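First comes the structure, then the notes that go with it.
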Amino acid sequence: MAAPPLHHPARESGGGGNSNSKTAAKTAAAAGVQDRFSLRGVEEWASLLRNGPRRPLLTHVNADTTWLIQLPWPASASARSSSSRPPGRTHFNILIDPWLDGPQSDVASWFSTQWHVVPSGVATIAELNLLLRHVETRGDGAALPRASADAVGAPCFVDAVVVSHEFTDHCHRTTLEELPPSTPVFATDVAADLIRSWGHFHGVVTIPALGPGVSWRRLTGVGLLPDWLAVGRVITPGNALYYHSAILVAFDLNGDAAQASPATDEGHGAVKNDGGEAIVYSPHGIAAEDLASVPAASGLRTLALLHGLHDVRIWLTKQLNLGALNGLRAVAASGARYWIATHDEVKTGGGLIAPLLRRTAYSLRDAVGHEEAQMDDAPDYTFAELGSGDGLVLA
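Note that numbering that gives the first Met the number 0 numbers the sequence shown so that position 88 is 87, with each residue one more than the last.
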């Protein structure tokens, strides 16, 4: 079972590291476990969807970097046809970087192949869809569906998919093609071209970049997303492969684009926040300074940052995952309320690359002790590591 969320700048039992009166005044108790749930606890999960706070739910679908974001439909959306809630639905479900079962291989199996060590919370998209169907309809008195979740014509409760990279631990063809062809897919440039080449999905959208001073409401879903929701990407300048970058899922749970003040920005200066929030997903890490200018300058408050703890590099050459030390700086720069660990599963590997990988498994305490001692004002956030199948309500 995953440890409960830890609120910082408070230290774990006994403390240590740097603190000052300004940050100590904001110290809070560890976040309560009443907002935790699991794919295995369907009744509790369904109850949170129906009776809990109308806030996003985040679920770690595997032990690595597959995520499910469930956003409650705003009450105001029902008045607009372009953003109308489907009958019987309570949440918009976004699946990120799905890889559920089987190996993943890049270039060729002899070059790099990996397998999950920890079983995913669900083994198939059909199983996930059945669970989503259950928790979405449970409050209406519906019984657990008897029909197979992958039956022809069965409704899909995955409303959109986001793919952050073309590498197969993020863009896993076998898993993705378990989804219906009608599922909208939002992917970064190379990944989008790759997915289009399969000929499986009807709609594959290249995720647009979001620069500082440009309103998030200018991001377009090409008619595939409701008006109150958008997907964009933040890129580190000079990183042509977008390896150290971030995806942001932006939303306004209180309204939609029609209710917001007009976006008059032309890419200059900061955009006033009008209720927009963002979940920022950076599985390999991103330079902290890039999160200092986006998304805050685009009218967004960063609700959660998904960033790994482990520093992973290829021996004597390239750093792959930037790890906890960068993560703490990124949390401080973005002002995120939550830091959620991602992409830290130690997988079974084979091929040419596997022996060359070097992993430093930092803990949060390591990062806090190293980085916050150098900070004038330590960030205030809640940290959580979620196990495979575990979820958290983002308050």
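Glycine is no exception: its CB is placed at the ideal position from the N, C-alpha and C atoms.
All figures in this text were calculated on a predicted structure; none of them were measured in a lab.
Rounded to the nearest whole angstrom, the CA to CA distance from Y280 to T112 is 24 Å.
Annotated as proximal: D273 and G298, with beta-carbon spacing under 8 Å.
A190 and G254 have their C-alpha atoms roughly 31 Å apart. Distance between N325 and G284, taken at the CA atoms: about 7 Å. For R132, the uninterrupted alpha helix (DSSP H) segment begins and ends at I124 to T136. Using a 10 angstroms sphere on the CB of H201, the tally of other CB atoms stays under 16, which defines it as exposed. The beta carbons of F156 and N92 sit about 6 Å from each other, so the pair counts as a contact at 8 Å.
Partner residues in the beta bridge of T58, as assigned by DSSP, are L67 and G390.
Sequence-distant Cβ neighbours of D343 in its own chain, meaning closer than 7 Å and more than five residues away, are G307, L308 and H309.
Taken through DSSP and simplified to helix, strand or coil, T182 comes out as coil. Straight across, the Cα-Cα distance linking L130 with D376 is about 43 Å. Sequence-distant partners of W66 (beyond 5 residues in either direction) whose C-beta falls short of 6 Å from its own C-beta, in its chain, are I95. DSSP places W44 within a helical segment (H, G or I) once states are collapsed to three. Membership of W197 in the alpha helix (DSSP H) is indicated by the continuous run D188 to W197.
By the Cβ neighbour-count rule, P73 is buried, with 16 or more other Cβ atoms within 10 Å of its own. Spanning the alpha carbons of E43 and S181 requires a straight line of approximately 30 Å. Looking at the DSSP output, G275 shares a beta bridge with L299. Closest in alpha carbon position to A249, among L38, V41, P55 and D34, is P55. A Cβ-Cβ contact shorter than 8 Å links G334 with T301.
Boundaries of the alpha helix (DSSP H) harbouring L290: A287 to S292, taken from the DSSP string.
Contact check for H133 against N61 fails: the beta carbons are separated by 8 Å or more.
A Cβ-Cβ contact shorter than 8 Å links A332 with L290. Within 10 angstroms of the beta-carbon of P52 lie fewer than 16 other beta-carbons, which makes it exposed.
A distance below 8 Å separates the beta carbons of G210 and V293.
For R35, the uninterrupted beta strand (DSSP E) segment begins and ends at R35 to S37. Of the residues I339, H90 and L178, the one whose Cα lies closest to the Cα of L391 is I339. Residues of the same chain with a CB within less than 7 Å of the CB of D158, apart from the 5 flanking positions on each side, are F91, N92 and I93 in chain order. By the neighbour-count criterion, in which a residue is buried when 16 or more other Cβ atoms sit within 10 angstroms of its Cβ, R39 is exposed.
For N253, the three-state secondary structure derived from DSSP is coil. Assigned with DSSP and collapsed to three states, R216 falls in helix. Between T187 and H171, the beta carbon gap of about 15 Å keeps them out of contact (Cβ cut-off 8 Å). Within its own chain, the residues whose Cβ lies closer than 7 Å to the Cβ of T173, once the five positions on either side in sequence are excluded, are G101, listed in chain order. With respect to S362, H59 sits apart: the two C-beta atoms are not nearer than 8 Å.
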